[in-house]
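Before any comments, here is the structure.
Numbering (the working numbering), first residue to last: 30 to 71.
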């Protein structure tokens with residue numbers, strides 16, 4: 030878990046906190062970590 034960053038934000042009106050690696054895109058985090066599969070690229 031080295032180099033992971035703590036992120037706090039609001040998504041769909043709800044506060045969220047998660048860890049992500051610097052190379053991960055926001056899309057990857059939304060879909061894979063938070064289960065928001067409606068998020069699409071492009």
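Just so it is clear, CB atoms sit at the ideal spot from N, CA and C, and this is done for glycine as well.
Keep in mind the model is a prediction, meaning the values are calculated, not measured.
For residue 44, the enclosing beta strand (DSSP E) has its first and last residue at 43-49. By the CB criterion at 8 Å, residue 44 and residue 32 fall outside the cutoff.
Scanning its chain for C-beta atoms nearer than 6 Å, with the 5 sequence neighbours on each side dropped, one finds around residue 47 the residues 36, 62, in chain order.
Judged by their CB atoms, residue 49 and residue 60 are not nearer to each other than the 8 Å cut-off. For residue 37, the enclosing beta strand (DSSP E) has its first and last residue at 34-40.
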